[in-house]
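So in the working numbering, the last one in the sequence shown is 440, and the numbering has no gaps at all. For glycine and all other residues, C-beta sits at the position ideal for the given N, C-alpha and C.
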Amino acid sequence: MAEKTDDKMEKIVALCKRRGFVFQGSDIYGGLKGTWDFGPLGVALNNNIKREWWKMFVDAREDMYGLDAAILMNEKVWEASGHTGAGFSDPVVVCTQCNARFRADHLTDITTCPDCKGQLGEQKDFNLMFETKVGAEGTQKSYLRPETAQGIFVNFKNVLDSMSPKIPFGIAQIGKAFRNEIAPREFLFRVREFEQMEIEYFVKEESWEAEYEKWLEEIRAWHKHLGLSGENLREVEVEGDGLAHYSKRTVDFEYNYPGKGFDELSGFAYRSDHDLQNHIRASGVSLEYIEADGSRFVPHVLEPSFGVGRTFMAVLSEAYTEDDMGSGTRVYLKLPAHLAPYRVAISPLLKNKPPLVEKAREVFVALKKEFGNVAWDDNGNVGKRYRRQDEIGTPYCVVIDFETLGEEKPEHKDTVTVRNRDTGAQERVHIKELATYIK
Ligand code: GAP
Numbered sequence: 002m003a004e005k006t007d008d009k010m011e012k013i014v015a016l017c018k019r020r021g022f023v024f025q026g027s028d029i030y031g032g033l034k035g036t037w038d039f040g041p042l043g044v045a046l047n048n049n050i051k052r053e054w055w056k057m058f059v060d061a062r063e064d065m066y067g068l069d070a071a072i073l074m075n076e077k078v079w080e081a082s083g084h085t086g087a088g089f090s091d092p093v094v095v096c097t098q099c100n101a102r103f104r105a106d107h108l109t110d111i112t113t114c115p116d117c118k119g120q121l122g123e124q125k126d127f128n129l130m131f132e133t134k135v136g137a138e139g140t141q142k143s144y145l146r147p148e149t150a151q152g153i154f155v156n157f158k159n160v161l162d163s164m165s166p167k168i169p170f171g172i173a174q175i176g177k178a179f180r181n182e183i184a185p186r187e188f189l190f191r192v193r194e195f196e197q198m199e200i201e202y203f204v205k206e207e208s209w210e211a212e213y214e215k216w217l218e219e220i221r222a223w224h225k226h227l228g229l230s231g232e233n234l235r236e237v238e239v240e241g242d243g244l245a246h247y248s249k250r251t252v253d254f255e256y257n258y259p260g261k262g263f264d265e266l267s268g269f270a271y272r273s274d275h276d277l278q279n280h281i282r283a284s285g286v287s288l289e290y291i292e293a294d295g296s297r298f299v300p301h302v303l304e305p306s307f308g309v310g311r312t313f314m315a316v317l318s319e320a321y322t323e324d325d326m327g328s329g330t331r332v333y334l335k336l337p338a339h340l341a342p343y344r345v346a347i348s349p350l351l352k353n354k355p356p357l358v359e360k361a362r363e364v365f366v367a368l369k370k371e372f373g374n375v376a377w378d379d380n381g382n383v384g385k386r387y388r389r390q391d392e393i394g395t396p397y398c399v400v401i402d403f404e405t406l407g408e409e410k411p412e413h414k415d416t417v418t419v420r421n422r423d424t425g426a427q428e429r430v431h432i433k434e435l436a437t438y439i440k
């Protein structure tokens, strides 16, 4: 059922909860701000996004190496990277009357509280890293990593020594990152615990511009693979104050989120040799690349960086569709088949006819072996099942009926009805050809 609201994002958030995609974190205790839990269908969509990303950026290429570094790292990493300093702080103001906190750079008036109109206090820097202590003595400070990137830089030498990559090459990582955001907001857009998919691509300084152009194309291809339409995407050249001092070029890929408008989805920065030089200085370890002729240099870095949560939001926003199909408004997720939580749903026409159910189970088991993410749905009538599967984006519904058993039209024996999510069109397909048809 569609909710009584015109706000598309509100509808998506409600659908996410109702159908097991995303729940508020720590829900039964009233939640924890800036945290969200992914339910059975959300984790399936998330995993599909991450798997497709890995396939495209690691498995399909010869110049990429995977990594899974620890979340907890030596505190010196974050001193060297600059994250303990002002560079990773946001300006905060606190209301002297109601104690609400705001990011000063998000306010037009930094003297009056937008909530209670009270007086706002002095602006202070607030570091976004979550601090923790390691070990029983509690003397060793550590942080929950605020980006996966530093795990890649500190393993640069390990990958060089163990894999002998030829430059240019990249290291890719998917993993959790944590930021104690002052004002988490807009569903998964700004949260305190999230996942990143990051690449550090190491190049010779003189070739950064040419490599940058190639990566722009790769990132565009990725967004296309997600089914995001050109009109909802735009590329913004970051200029002036927005550009980090070490970056000569950064392009933000923005998505037109419903009710919010264009905002960052992914970022692509040229980081020069800033990070490796920082770690060389702080650790005293050489992080040079050595050419076959013995010449040495510190590579420069291109960094395509993607947030899983923002990708999830963009994919759902793009897919969420309402149309009129027969009886009233239908809500469906027009997800690309490679991202849908379920590839196909299998139903017996009636749930209390054993021969139908047995045949349907046979088909279900065979397809489950083939695809894994196959749903069994025998609740309510077939129309209701279609609506339910539409709402979670299942591209195909397969119904096993009396014709499948050869009881009505002998020529239809061992054929099933396959119903297409987007068009509602139905076709009879032989069971033997079903897996190929769905593929
Ligand atoms: N290593 C570079 C880096 O971390 P970033 O622009 O701070 O760059 C990269 O983050 C991506 O991570 C963003 O484009 C966004 O998709 C995601 N991201 C960052 N902060 C986030 C937050 N608080 N909540 C959700 N996603 C976030």
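Just to confirm the assignment: which complete beta strand (DSSP E) runs, minimum length 3, are found wholly within the stretch 320 to 388? The DSSP assignment places complete beta strand (DSSP E) segments of no fewer than 3 residues inside the stretch 320 to 388 at 321 to 325, 330 to 334, 345 to 349 and 375 to 377, in order along the chain.
Between the stretch 272 to 279 and the stretch 229 to 248, do three or more beta carbon pairs fall short of 8 Å? The stretch 272 to 279 vs the stretch 229 to 248: in contact.
Which residues mark the beginning and the end of the alpha helix (DSSP H) in which P41 is found? Counting along the chain, the alpha helix (DSSP H) containing P41 begins and ends at P41 to W55.
Contained alpha helix (DSSP H) runs [length at least 4] in the stretch 221 to 297, N- to C-terminal order: Those alpha helix (DSSP H) runs which fall completely within the stretch 221 to 297 and span 4+ residues are 275 to 284.
Would you mind sorting D109 into buried or exposed? The rule is 16 or more other CB atoms within 10 Å of its CB. Asp is not the amino acid found at residue 109; the sequence shown has Thr there. Label assigned to T109: exposed.
Buried or exposed for G327, going by 16 or more other Cβ atoms inside 10 Å? That one is exposed.
Compare the C-alpha of L189 against each of A376, N421 and G26 and name the closest. Between L189 and the set A376, N421 and G26, the nearest pair of CA atoms involves G26.
Run through DSSP, which three-state label would Q151 get? The DSSP-derived three-state label of Q151 is helix.
Looking at the ligand SAM, does it come within less than 7 Å of G171, judged from the CB to the closest heavy atom? The model depicted lacks the ligand SAM and carries the ligand GAP instead.
Under three-state DSSP, which class holds L33? Looking at L33 - three-state DSSP - the assignment turns out to be coil, as it is neither helix nor strand.
So, with DSSP's three-state summary, where would you put R104? The answer is strand: DSSP assigns R104 an E or B state.
Can you grab the Cα-Cα spacing for the pair G295 / K167, in whole Å? For G295 and K167, the distance between alpha carbons rounds to 14 Å.
Keeping to the same chain, check which residues put their C-beta closer than 8 Å to that of T416; ignore five residues upstream and five downstream. Same-chain partners within the cutoff: E404, T405, R429, V430, H431 and I432.
Beta-carbon separation (whole angstroms), S348 vs D378, contact threshold 8 Å: Sure, about 5 Å apart at Cβ, within 8 Å.
Could you tell me the alpha carbon to alpha carbon distance between R297 and F157, rounded to whole angstroms? Answer to the nearest angstrom: the Cα atoms are 15 Å apart.
Does the ligand GAP have a heavy atom nearer than 7 Å to the CB of F190? Checking every heavy atom of the ligand GAP against the Cβ of F190, one is found closer than 7 Å.
Starting from T416 and walking both ways along the beta strand (DSSP E), at which residues does that stretch end? Where T416 is concerned, the enclosing beta strand (DSSP E) stretches over T416 to N421.
Quick check on DSSP: helix, strand or coil for M2? Its pLDDT being 40, under 50, M2 is placed unreliably in this model, and the coordinates cannot settle the point.
Going by C-alpha to C-alpha distance, which of K410, V364 and V23 sits closest to I439? The residue with the shortest Cα to Cα distance from I439 is V364.
Residue closest to V400, alpha-carbon to alpha-carbon, out of G394, P411 and N421: When the alpha-carbon of V400 is set against those of G394, P411 and N421, the nearest one is in N421.
Close-in-space but distant-in-sequence residues of the same chain around D1 (CB under 6 Å, 5 per side omitted): Look at the range of the chain in this structure, 2 to 440, and you will see that residue 1 is not part of it.
Starting from I439 and walking both ways along the alpha helix (DSSP H), at which residues does that stretch end? Under the DSSP assignment, I439 falls in the alpha helix (DSSP H) whose first and last residues are L435 to I439.
Limits of the unbroken alpha helix (DSSP H) element including C17: Residues K9 to R19.
To which residues does DSSP link H431 through a beta bridge? Here H431 is bridged, per DSSP, to T416.
Check whether the Cβ of F307 sits closer than 7 Å to any heavy atom of the ligand GAP, and report yes or no. Yes; taking the cut-off as 7 Å, the Cβ of F307 has a heavy atom of the ligand GAP nearer than that.
For the beta strand (DSSP E) containing L73, name the first residue and the last one. L73 -> no beta strand (DSSP E), and no H or E assigned at all.
Cβ-heavy atom distance between Q25 and the ligand GAP below 7 Å? Within 7 Å of the C-beta of Q25 there is not a single heavy atom belonging to the ligand GAP.
Go to M164, then tell me how far its alpha helix (DSSP H) extends in each direction, as first and last residue. For M164, the enclosing alpha helix (DSSP H) covers residues F157 to M164.
What are the residues that DSSP puts in a beta bridge with A173? In DSSP, A173 forms a bridge with G67 and I200.
Within its chain, find whatever has a CB closer than 6 Å to the CB of A436; leave out the 5 residues flanking it on each side and keep chain order. Closer than 6 Å at Cβ, skipping near neighbours: E371.
Note down, in chain order, each residue of its chain lying with its Cβ closer than 8 Å to the Cβ of M164, except the 5 sequence neighbours on either side. Once the five neighbours on either side are set aside, the close Cβ partners of M164 are Y66.
Measure the alpha-carbon distance for K354 versus Y333 and round it to whole angstroms. Roughly 30 Å between the two C-alpha positions.
Segment contact, 8 Å Cβ cut-off, at least three pairs: the stretch 179 to 193 with the stretch 123 to 133: Three or more beta-carbon pairs separated by less than 8 Å link the stretch 179 to 193 to the stretch 123 to 133, which places the two stretches in contact.
Straight-line Cα distance separating R186 from A105: Between A105 and R186, the C-alpha separation is close to 15 Å.
Reduced DSSP category for R193 - H, G, I as helix; E, B as strand; rest coil: Shown here, R193 sits in coil according to DSSP, grouped into three states, outside any helix or strand.
Using the three-state DSSP reduction, which class does A426 fall into: helix, strand or coil? If DSSP states are grouped into helix, strand and coil, A426 belongs with coil.
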